[in-house]
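Residue numbers (our numbering), protein chains in the order written: chain A, 1 to 158; chain B, 1 to 801.
Backbone N, C-alpha and C define an ideal beta-carbon position, used for all residues, glycine too.
Worksheet: one structure, shown below.
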Amino acid sequence: MHRIRLKINGKEHEDEVDSRVLLVHYLREKARLTGTHVGCDTGNCGACTVHLNGKAIKSCMTLAVQAEGAEITTIEGVSQNGLHPIQTAFMDKFAIQCGYCTPGMVMSAHALLAENPSPTEAEIREAIEGNICMCTGYQQIIEAIASAADAMRQAGKK
Amino acid sequence: MMKLEEILVTRNWVGKRVKRQEDIRFVKGEASYVDDLDMDCHQVAILRSPHAHARIKKIDVTKAQALKGVVAVLTGKEVAEQTKPISARAITRPAIQYVMAVDKVRYVGEPVAAVAAEDRYIAEDAIELIEVEYESLPPVVNIDDAIKPDAPLVFEEAGSNVLMHDFMEHGKAEEAFKEADLVLKETFKMHRYSSTPLEPWAIIVDYERADDAFHVWANDQHHGRSITNICNVLGIPIHKLRFQVPDSGGGFGIKLALWPYIAILALLAKKSDKPIKWIQTRREHLMAGSHAPDANVEIELALKKDGTILGVSVKDIQNDGSFVHTAGIYGLIKFATMVGCYKIKGTKAELLSVVTNKGPTVQNRGVGKPTMIFVLERMVDLAAKKLGLEPTEIRFKNFVTPELMPYTTPSGEIYESGDYPECLRKALQLVGYEELKKQRDAERKNGRYIGIGISSGVEPGTSNLGYYYTARGTPEYTGNAEGAIVSVDYDGNVNVLVGSVDTGQGHGTTIAQVIADMLGITPDQVSMNAHVDSLISPFLGHSGAYSNKFNDVDLGAVIMATKKIRDKMLRLAAHMLKLDVGELALKHGKICATRDDTKAVSFKEIASLAYKKILFLPEDEEPGLKEIAYYRNPIAKLPSRTDFNIQLTHSNSVHIVVVDVDVQSGVVNFLRYGIVHDCGRQINPGIVEGMAIGSTVHGIGACLLEDFVYAEDGQLLATTFMDYMKPLAMGVPKFEIGHMESPCPYTLLGTKAVGEGGSLPSLAAIANAVEDALTPFGVKVTSLPITPEKVVKAVTETKQI
Chain A
1 MHRIRLKING KEHEDEVDSR VLLVHYLREK ARLTGTHVGC DTGNCGACTV
51 HLNGKAIKSC MTLAVQAEGA EITTIEGVSQ NGLHPIQTAF MDKFAIQCGY
101 CTPGMVMSAH ALLAENPSPT EAEIREAIEG NICMCTGYQQ IIEAIASAAD
151 AMRQAGKK
Chain B
1 MMKLEEILVT RNWVGKRVKR QEDIRFVKGE ASYVDDLDMD CHQVAILRSP
51 HAHARIKKID VTKAQALKGV VAVLTGKEVA EQTKPISARA ITRPAIQYVM
101 AVDKVRYVGE PVAAVAAEDR YIAEDAIELI EVEYESLPPV VNIDDAIKPD
151 APLVFEEAGS NVLMHDFMEH GKAEEAFKEA DLVLKETFKM HRYSSTPLEP
201 WAIIVDYERA DDAFHVWAND QHHGRSITNI CNVLGIPIHK LRFQVPDSGG
251 GFGIKLALWP YIAILALLAK KSDKPIKWIQ TRREHLMAGS HAPDANVEIE
301 LALKKDGTIL GVSVKDIQND GSFVHTAGIY GLIKFATMVG CYKIKGTKAE
351 LLSVVTNKGP TVQNRGVGKP TMIFVLERMV DLAAKKLGLE PTEIRFKNFV
401 TPELMPYTTP SGEIYESGDY PECLRKALQL VGYEELKKQR DAERKNGRYI
451 GIGISSGVEP GTSNLGYYYT ARGTPEYTGN AEGAIVSVDY DGNVNVLVGS
501 VDTGQGHGTT IAQVIADMLG ITPDQVSMNA HVDSLISPFL GHSGAYSNKF
551 NDVDLGAVIM ATKKIRDKML RLAAHMLKLD VGELALKHGK ICATRDDTKA
601 VSFKEIASLA YKKILFLPED EEPGLKEIAY YRNPIAKLPS RTDFNIQLTH
651 SNSVHIVVVD VDVQSGVVNF LRYGIVHDCG RQINPGIVEG MAIGSTVHGI
701 GACLLEDFVY AEDGQLLATT FMDYMKPLAM GVPKFEIGHM ESPCPYTLLG
751 TKAVGEGGSL PSLAAIANAV EDALTPFGVK VTSLPITPEK VVKAVTETKQ
801 I
């Protein structure tokens, strides 16, 4: 067992964890943040995407002990101050069907727009290449991310 | 049937891109999927067979049981003692199968034992401690081997691996083939694939000891049937099973087959002091979470020289793997699309359901219709080539035209609506077909292999369920229906419960739009709890999300229940205003006098009368404002061998695809993807568009990427998303979409199916495009998927994909 200390969505957490516990299981079962999902167990689907120290990572490919001292942001942390423009855009553009991939998609889009505020369609497609959506065929998700980028740039100008 | 004008009092919401009311919880990560429910559970891991075919000699669970944290262990022997076997639906030979392997295993991944423990990590440790002694048996994997007379038997009691073998002829089949100038023959090989919902199967079972009852939470998409099946195998009455379906992360048919696991968990739960939970891993899902069967399809097309298609003959052999509940269904449903969009006077069908040591099968998105449309639309292209016709020309020549509708196909399907020629014309226009052909020809001279593929498909919806039992002759379920409860609360807002499950379709939003226009209110005044609870939701054996029945019977039930509520509110308002019902109208959440808006009562005032001021009610009125309605599709006939009527609505679409095939690497790239589709009246075009695109991407995956490859010994070689490749954002095209709206005369709002949608015609459209691109090499496409390896081999050696 290991003692880990980390910040999740701005809140301090301290817990005893087994060395083999995955970060995603820690987040879901210990911290009870169930917005982060498990879809494939092998790092392909991205439903478990969270931010670790500002970078999008797959929490099913990360051990909880690796998050020692880190700052984690999950989907629950994105809307702490009201809906984020990415979330609003997902709703506006019908980018959601079953919703299971949505948190991971939003986290990947969030990481993209932090680095690249004006992505091309090809860059958006590349940024969500590690996130599988089984429902939408991606088109409305891509439109949503492009539209969120516009909205965020407009808001930045104000 | 009620007319549209009688149903809707306003036209403010139906047909509009109303934002989905479901999305707020999804986008904030606050949805409630089964694994999100805040319950203190023991967790389950399942030991699965490493062999494709083997006898179980001995199982020793001593060590597993002794592991700290293990709560309970269950083996197949106990399952056989405590349950009845799984019932078959379509097959005619006996095949005894329990929800867990008993004396032998029949596929890699078949459940052999299950463990409940304090957490999943311990449960996984425990299954590794179970010692199983197997005696391996020779496996049968492929159709050709399985049907040999001396093949090893998957089910000994059946005496054969062919569990259904039927032959049917419809219309003027003999005459068609006699009159033909040309009979074109081909054999197609269809592979195994699956729509793999992103949320795998998930089940919690709580055994309520004092009542000897079970409480189940599962992401099942056809709980109406699962409840019956589970109660049958467990031998318990239905009132001892409470079944809840919370949010579900996609279904696509694949979540029709998790009920055997609910039975396994129920038996384990009896040994546990807490609820027990099993969350399927992706590996488990790919091995044992059910596939669309692979198939060999021999097809003959009887043709006149001018391109007229006279007859179709199909010999369809399905590799149904090893799930007796589904076996045989895929062949039968092909009657729904046997003649596609075409006027063909006779059909012959020979159907075989073959069992093998491959994994179980289930009704994956489209259920055999993608295969049938693929085979037919490929043949139409091959016929055009043979006869020197354009692919457009042969289609225009044979289409069922709108004047012929309602058109009955030789086997009894009724095409009620649609304009197939106009759909093709619109699609050609959408992509600029003539210009595309010129570009293709010019590029070909430059050594770039561009191809254009067209496919035109009917997309049937609402299953008339009796067809499953055609070969057995005893329909257990017939027709299709759904139930709904609509109530107006004390405060005048509307609450809805339906029997079906939402697996991502936005049912609540669509229903709110319809009710808003029925009552003259706004959709945000209507809330639907999409979470099914068998204790309070209305349900039938048919209840669930499958075969695109929502737009038909689910909305039908909602409309009929809302109509009852509306009629009652009008009567109460008439009583309150001292007017006749005929003098009233619904406006902005009020009921007012048609002649004088100021004479009005609000929904809240009416509700107050109905719920609280009982003594002021008219004497003949019941208190309360809650109505239940069950609605059935009005044109379903009892399916018979001569008159099938398998599906009850008919959407259609044309896909035109332009691909660029890199003959060096074998990679197929999309340049254009045009879709014109017609699903009748659209309630919410934003939702419809997502369905049309999403279903097409399932076709792209099936056509180019996905394949459950089995080794000769029956080992599955694709058990993760690294080997079983799904379409990703970079590999799919930007879709160009055109819509048509030919209302269905037999659904209350003129709606038709859209969910299976593009998964049907896309396979042939892409295959036709690839074959067109490889014309200079003389390559013929007769199998799927079209992998880079197969493309390169075809170009350099075989001339065949």
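Contacts of residue i in chain A (Cβ-Cβ under 8 Å)
| i | result |
| --- | --- |
| B:Ser248 | Cys98 |
| B:Thr503 | Cys98 |
| B:Gly815 | Past the boundaries of the shown model lies residue 815 of chain B; chain B is included only from 1 to 801, so the question cannot be answered. |
| B:Ile683 | Near B:Ile683 there are no residues of chain A at all, since even the closest Cβ is about 13 Å away, more than 8 Å. |
Where residue i falls: helix, strand or coil (DSSP)
| i | result |
| --- | --- |
| B:Ile521 | coil |
| B:Pro260 | helix |
| B:Pro391 | helix |
| B:Ser651 | strand |
| B:Cys592 | strand |
| B:Pro727 | coil |
| A:Met107 | helix |
| B:Leu577 | helix |
Within 7 Å, strictly: CB atoms of residue i and residue j
| i | j | result |
| --- | --- | --- |
| B:Val183 | B:Ala302 | yes |
| B:Val297 | B:Phe177 | no |
| B:Ala116 | B:His53 | no |
| B:Pro618 | B:His575 | yes |
| A:Tyr138 | A:His37 | no |
| B:Glu706 | B:Tyr193 | yes |
| A:Ile141 | A:Met91 | no |
| B:Leu129 | B:Lys58 | no |
| A:Glu71 | A:Lys7 | yes |
| B:Phe252 | B:Arg365 | yes |
| B:Val654 | B:Val661 | no |
| B:Val803 | B:Ser49 | Nothing can be reported for residue 803 of chain B: it is not among the residues displayed for chain B, which extend from 1 to 801. |
| B:Leu8 | B:Asp517 | yes |
| B:Leu267 | B:Gln97 | no |
| B:Gly109 | B:Ala288 | yes |
| B:Pro152 | B:Val140 | yes |
| B:Asp813 | B:Gly331 | Outside the modelled stretch of chain B, which goes from 1 to 801, sits residue 813 of chain B, for which no answer is possible. |
| B:Gly76 | B:Met39 | no |
| B:Arg472 | B:Thr92 | yes |
Where the alpha helix (DSSP H) containing residue i begins and where it ends
| i | result |
| --- | --- |
| A:Glu14 | Unbroken run through A:Glu14 is the beta strand (DSSP E), 11-17; no alpha helix (DSSP H). |
| B:Met164 | No alpha helix (DSSP H) contains B:Met164, which is instead part of the beta strand (DSSP E) from 162-171. |
| B:Ser534 | Neither: B:Ser534 is in no alpha helix (DSSP H) and is coded neither H nor E. |
| B:Tyr433 | 433-445 |
Chain B residues whose Cβ lies nearer than 8 Å to that of residue i
| i | result |
| --- | --- |
| A:Asp92 | Lys19 |
| A:Arg32 | Asp38 |
Terminal residues of the beta strand (DSSP E) in which residue i lies
| i | result |
| --- | --- |
| A:Arg5 | 2-8 |
| B:Asn669 | 668-678 |
| B:Asp40 | Taken as a continuous stretch (DSSP letters only), B:Asp40 belongs to no beta strand (DSSP E), as it is neither H nor E. |
Residue i: CB within 6 Å of a non-hydrogen atom of the ligand ADP
| i | result |
| --- | --- |
| B:Pro538 | As for the ligand ADP, it is missing from this structure, which has no ligand bound. |
Closer than 9 Å at the beta carbon, the chain A residues around residue i
| i | result |
| --- | --- |
| B:Ser195 | Met134 |
| B:Glu689 | Phe94, Gln139, Gln140 |
| B:Arg282 | Val38, Gly39, Cys40, Asp41, Thr42, Asn44, Cys45 |
| B:Tyr630 | In chain order: nothing, as chain A lies at least about 27 Å away. |
Partners in chain A for residue i, counting only beta-carbon separations shorter than 7 Å
| i | result |
| --- | --- |
| B:Ala31 | Gly99 |
| B:Met722 | Thr42, Asn44 |
| B:Gly686 | Phe94 |
| B:Pro696 | It is Thr, not Pro, that sits at residue 696 of chain B in the sequence shown. Those are Gly137, listed as they occur along chain A. |
Residues that residue i contacts on chain B, provided the C-beta gap is smaller than 9 Å
| i | result |
| --- | --- |
| A:Glu126 | Ala729, Met730 |
Could you name each continuous alpha helix (DSSP H) segment of 4 residues or more that falls completely within the segment 291-348 of chain B, going from the start of the chain to the end?
-> 329-333
Could you pull out every unbroken beta strand (DSSP E) segment of at least 3 residues lying fully inside the segment 210-295 of chain B, listed in chain order?
-> 213-218, 241-245, 276-279
Inside the segment 469-515 of chain B only - beta strand (DSSP E) runs reaching at least 3 residues = Taken in chain order, the complete beta strand (DSSP E) segments of 3 or more residues contained in the segment 469-515 of chain B are 481-488, 494-498.
Alpha helix (DSSP H) runs contained entirely in the segment 124-168 of chain B, provided each spans 4 or more residues = As far as the segment 124-168 of chain B is concerned, its whole alpha helix (DSSP H) runs of at least 4 residues are 143-146.
Length-filtered (3 minimum) beta strand (DSSP E) runs lying within the segment 602-648 of chain B | 626-632
Going along the chain, which unbroken runs of the alpha helix (DSSP H) with 4 or more residues stay wholly within the segment 356-421 of chain B?
-> 369-387, 391-398
Contained beta strand (DSSP E) runs [length at least 3] in the segment 20-71 of chain A, N- to C-terminal order | 49-52, 55-58
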